[in-house]
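Worksheet: the structure to be examined is printed underneath.
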Amino acid sequence: MKKPFLFLLFSLSILSASARILSVRATLNGANMVPANNSTGTGTLIGTYDDVAKVLSFTITYSGLSSNVFNGCIGVGAVNEIGIFIGCKNVLTSPTTTTIGPFSDAHSTAILSGNAFVVLETQSLNAPEIRGKLNIGVDVFDNAAENAFYGIGGYSFSQYTFPAGLQPTPYVHSGPSPQNDFTYVITTNGGAIINSAGVISTTNTNANINIELKGNNVRKFACKVYAYITDATSSSSNIINVTATTNLGNIFTQTANISGTFVGFNVNGNENEYLISVVAQFQSTPSPAAKIALFNIMAGDNSPQNVALNFDGDNDYVSIPSNAGNNTGNYASFTVTCWIKPDATQPSSAINADENDILSKWAGLDAGANNNYPFVARYLNTTQADVNKRGKILVGIWDGTHFPTIVSTTAVNDGKWHHVAFVKTNTTNTLTLYIDGVFNGSITNTITNTTINTTPLQIGRRGNGQNYFRGDIDEVRIWSSNKSQATIQAEMFCKNPNTTALQAAYNFSNGVPHGNNSLITQVQDASTSANHGTLHNFAKTGDASNFMTGQVKYVSGSFSGADNGSSWANGFDNLQSALSNNTCNDLFEVYVAKGFMDYKPSTIGNISESFNIPSGMRIYGGFAGTEKSINERNLALIHSTHQTTLSGDLFGNDNAFNFSANRNDNSILPVKIIGDNVVFDGFTVKGSSSIGVGIYITGANATIKNSRIIDNAFIGLNTIGENTTISHCSSTGNNTVGIFIENSTAIIKESLIANNGSDGIEIYVSNGTRRTSITNSTIAFNADNGIKVNSNGGTSTNTLKNSLIYGNASGGILNVFTDGPLSNTINYSLVQGLTTGPGNLNGNTVNPQFVSPLANSVRSDAGDYRLKWCSKAIGAGTNTGISPLDLDRNPRNFNGTADMGAYEFLGNTPSQVNNSNITGTIDAPTYTGGAIQTITSTAKILAPAGKIDFKAPNAILLSPGFEARGMGKYFEAKIGANVACSN
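What follows is the structure, given as structure tokens:
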């Protein structure tokens, strides 16, 4: 009898670690032109972009144009910008397959950033007639690029082994936590799912393995692929195609045919694109018979994570090959920097046990010629005989005879992050040490022999295998230049290092903080040297000896602990303490817990004080105050149990939504953003004065997410100049305008603007060309207009898609034409007073059927603007260019096509049948049955988007054999009345 064996597969195409072949897709029409036109023509471009060769290869199809096409052109420029052409080709017939390129570095960057488009030029116009944005799709990774895939970083759910035996079909996996749920469902087209030796396989040979990715949140996926063969003879027919599909229809396939296949897919570029399925199938009938097997499955997102590396002090270390960048010679200058957070207790099992090496390029005293070393950085622990050295840093170099060293004057054993910078200046023959940018000593460099050796650079231990360091290390950087104190101070808080003379940069960002990182074997060198390091002995799971949360300033508002921001236990009592402004502010994130009370910008009643958010800062609210990383923040609770409120009510004397008194002593601008690239996420902002603004943004690129702006006595949010993105926010119950956009380019999506005392949104343009894009938002029951547009000397170009404007006192959209061009493009929306338009509902006759709206005369945030089951806005939107999640963070496209408005309806049409039986599959999150509803033994509950609420007015009977199988979180039976709704 022949024994079965596992036959590893290999990708047919080999990519270099730096090469990416990206899918590209574009949908062309007249509405996308700048300015838009009424062309009936449409087109589609599908292709790939090679970011090394900088060449675009594509097939373009088109129809319905006014005349013959003569050119297809690629251009660069943002949506709604005319842009410039960077390459054209004749596309006289449809379809046409061709290539354009190579492009310049600058133009390639624009393409990769999503700032590129394609147009078709027609003979009758002698100009472009239709246009579409180039959406960059998916990177593919094979064996050669496996470490590059893990180097992407981001939050992920990894499953390395699976329980043995026959599994239920569908086979559901979900994790890593209820707050961040990456769920996938595995089925097969032949037999059943069976797991053997920790891998997923099938009972039948020649069967597919189909993986559906739920939740609209998976942007990267990887697995190892095997062929499980029952005959020891291999055959070229045992080729497996692994195909990934995105919600935008982009499809990529990895082909494998011999042992050892790693397959990875990463969605790159378009933030609204995500993976929806992965299918593994034989290219042809395998001979001999074989089964597909998968393991080491990783599903996750690719958003940047704040990550450091924790060393356990027992045997953890990173080794980095010796190269010219880390092997500095006698007469060469250098700067070596890192961030460290030492544990209070260090190991003491070595000679010189009172020292613990942070960075070391030394093989030990018995290493002969390798005895010398170009630099070392050590932590002097609390067992030092000299009490004046305890908790301090030692740096030095060694030529075999001379050992010039510096011991810091500053101790770093206070539980906080500290920056260490060791500088060698050849021109003055000096060594200098800075701690946190402060001068801590300088000596003459006394070496006379070489310091060069061939041993690896080691992080976390001495090169002879002793003196291990316990604690966190991050941002290890080496430059072949001597940096001044001013430069060190300017760069130390920068997440991205200055690349001039940069020889090495290790930021440890490829791991998941506190997650399962067992597959990761390397740390990536972000410099051009690409001299990657190897992890040794790390547990790579749990809260130690693993990737951890990096530099964070914690604000607990608990009025306990050390009030130094180093941890939740010792968090700052007031937010102001965390908002120090440096040249860069993107290294340290700020996490703010609910606290005991609202956070206020002034403790002495100074109405001119604000929470000033400096450039580059990423600040997050909505924490309970116990989370180990931002991945544990529960977004479902950020506006309830864990609500973090920034309030301008300095004296605590406001009456909610009553603006007639007690508002002149409030902060004028509770939150002020005046620097670029700020992320402000997870807050409730309220209580500005009667001449103020809740969130004031001026001259800055900012992103406002997951926030509520309520109860401000003047304007809710005001953005002036530059670019602002407002995502998954609500601005409700403010005394005048909900959002005021002044000479700014703004993107508003998945947001609610309701019950404000004037216009919901006001757009004012007095100079330049300004664009406002509003998608999947609800602007309802405001006291004046839904949107007012005033073009007073500038050009205002606005787009509205998948949105609801309804119930506003004066009307839907008011255009105030004064002294500048103004255009509004409205598609797949319901706007009161607007009766026509592509995909639009009649705004004069259709009621969107909100669950519980409030009158437009009411200032409040209590209205419920979700949709009832009979709303005509359900499934009436478009899936093109929309966010994956709605304002409630629920998946879009629940019934195949997205709804209009801020909220996706996750239910189904209620049944009016009494005493009905259900014997099939229930897969809608809400099911409302008849008076007495029976679920029989053949029924199954499948929860594709979270929980299922099964409702009936009088009784629910669960018959024997009933099965509830959660693809999401849980099944819940409820008794309740049907929701009345009629159009």
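Going left to right, the sequence shown walks through residues -19 to -1, 1 to 964 as mature numbering (1 follows the signal peptide of the UniProt record, and there is no 0) numbers them. Backbone N, C-alpha and C fix where the C-beta goes; we use that ideal spot for every residue, glycine too. In this text, all values refer to a predicted model and were calculated from it rather than measured experimentally.
Just tell me which of the options has its CA closest to the CA of residue i.
{"i": "N128", "options": "A178, N808, I221, G492", "result": "G492"}
{"i": "W343", "options": "D554, P437, F233, K667", "result": "P437"}
{"i": "N724", "options": "G714, C710, N748", "result": "N748"}
{"i": "D281", "options": "L560, R112, E110, Q140", "result": "According to the sequence as given, residue 281 is Gly; it is not Asp. The candidate whose alpha carbon is nearest that of G281 is Q140."}
{"i": "P157", "options": "N448, G523, I454, I117", "result": "G523"}
{"i": "S510", "options": "N563, H517, L483", "result": "L483"}
{"i": "residue 965", "options": "I63, D395, S341", "result": "The structure shown does not extend to residue 965, since the chain is modelled only from -19 through 964, so no value can be given for it."}
{"i": "N773", "options": "P802, V812, A727, H383", "result": "P802"}
{"i": "G496", "options": "G113, A91, M279, S85", "result": "M279"}
{"i": "N828", "options": "A854, N61, N636", "result": "A854"}
{"i": "M143", "options": "S177, V119, A173", "result": "For the record, residue 143 in the displayed sequence is Phe; it is not Met. For the residues S177, V119, A173, the minimum Cα distance to F143 belongs to S177."}
{"i": "Y298", "options": "H154, R443, G172", "result": "R443"}
{"i": "M14", "options": "V57, E62, T40", "result": "E62"}
{"i": "P328", "options": "P83, G56, N362", "result": "N362"}
{"i": "P76", "options": "A108, K70, G53, Y43", "result": "Y43"}
Are the CB atoms of residue j and residue i within a distance shorter than 8 Å?
{"i": "N11", "j": "S20", "result": "A small fix is needed here, since residue 11 is Gly in this sequence, not Asn. Closer than 8 Å, so yes."}
{"i": "N776", "j": "T750", "result": "The identity of residue 776 in the sequence shown is Thr, whereas the question assumes Asn. For T776 and T750, yes; Cβs fall inside 8 Å."}
{"i": "G629", "j": "G673", "result": "yes"}
{"i": "P651", "j": "G675", "result": "yes"}
{"i": "Y809", "j": "L848", "result": "no"}
{"i": "L275", "j": "V206", "result": "yes"}
{"i": "L500", "j": "Y745", "result": "no"}
{"i": "S758", "j": "E731", "result": "yes"}
{"i": "N189", "j": "R6", "result": "no"}
{"i": "V770", "j": "V797", "result": "yes"}
{"i": "L101", "j": "G45", "result": "no"}
{"i": "W850", "j": "C962", "result": "yes"}
{"i": "I588", "j": "D646", "result": "yes"}
{"i": "I691", "j": "G714", "result": "yes"}
{"i": "L795", "j": "L811", "result": "no"}
I think residue i touches residue j, with their Cβ atoms under 8 Å apart; what is that distance to the nearest whole Å?
{"i": "G603", "j": "T625", "result": "5 Å"}
{"i": "V419", "j": "T391", "result": "7 Å"}
{"i": "G844", "j": "P834", "result": "5 Å"}
{"i": "N763", "j": "N789", "result": "5 Å"}
{"i": "T309", "j": "T432", "result": "7 Å"}
{"i": "S89", "j": "N191", "result": "Actually they do not touch by this definition, with Cβ atoms about 36 Å apart."}
{"i": "N551", "j": "A543", "result": "4 Å"}
{"i": "D453", "j": "N291", "result": "5 Å"}
Give me whichever residues DSSP pairs with residue i in a beta bridge.
{"i": "H620", "result": "According to DSSP, H620 bridges with nothing at all."}
{"i": "Y298", "result": "H517"}
{"i": "Y787", "result": "A761"}
{"i": "W320", "result": "H400, D455"}
{"i": "W460", "result": "T316, L483"}
{"i": "T679", "result": "I701"}
{"i": "I600", "result": "V571, F661"}
{"i": "P872", "result": "L866"}
{"i": "L753", "result": "Note on residue identity: the sequence assigns Thr, not Leu, to residue 753. Answer is A727, N779."}
With residue i as the anchor, note down where its alpha helix (DSSP H) starts and where it stops.
{"i": "A261", "result": "Segment 256 to 263 is the beta strand (DSSP E) holding A261; no alpha helix (DSSP H) there."}
{"i": "L93", "result": "86 to 93"}
{"i": "Q466", "result": "466 to 472"}
Note the first and the last residue of the continuous beta strand (DSSP E) segment covering residue i.
{"i": "S137", "result": "137 to 140"}
{"i": "Y131", "result": "Counting along the chain, Y131 falls outside any beta strand (DSSP E), though it belongs to the alpha helix (DSSP H) covering 127 to 131."}
{"i": "E570", "result": "570 to 574"}
{"i": "V153", "result": "152 to 158"}
{"i": "K114", "result": "108 to 114"}
{"i": "V746", "result": "742 to 746"}
{"i": "G767", "result": "766 to 772"}
{"i": "K782", "result": "776 to 782"}
{"i": "Y43", "result": "36 to 44"}
{"i": "W379", "result": "373 to 379"}
{"i": "D338", "result": "336 to 341"}
{"i": "T23", "result": "23 to 31"}
State yes or no: is the beta carbon of residue i nearer than 8 Å to at least one beta carbon in chain D?
{"i": "N421", "result": "Protein chains in the displayed structure number just one, and chain D is not present."}
Is residue i near the ligand PLP, going by C-beta to nearest heavy atom under 7 Å?
{"i": "N247", "result": "Absence of the ligand PLP is noted for the structure shown, with no ligands found whatsoever."}
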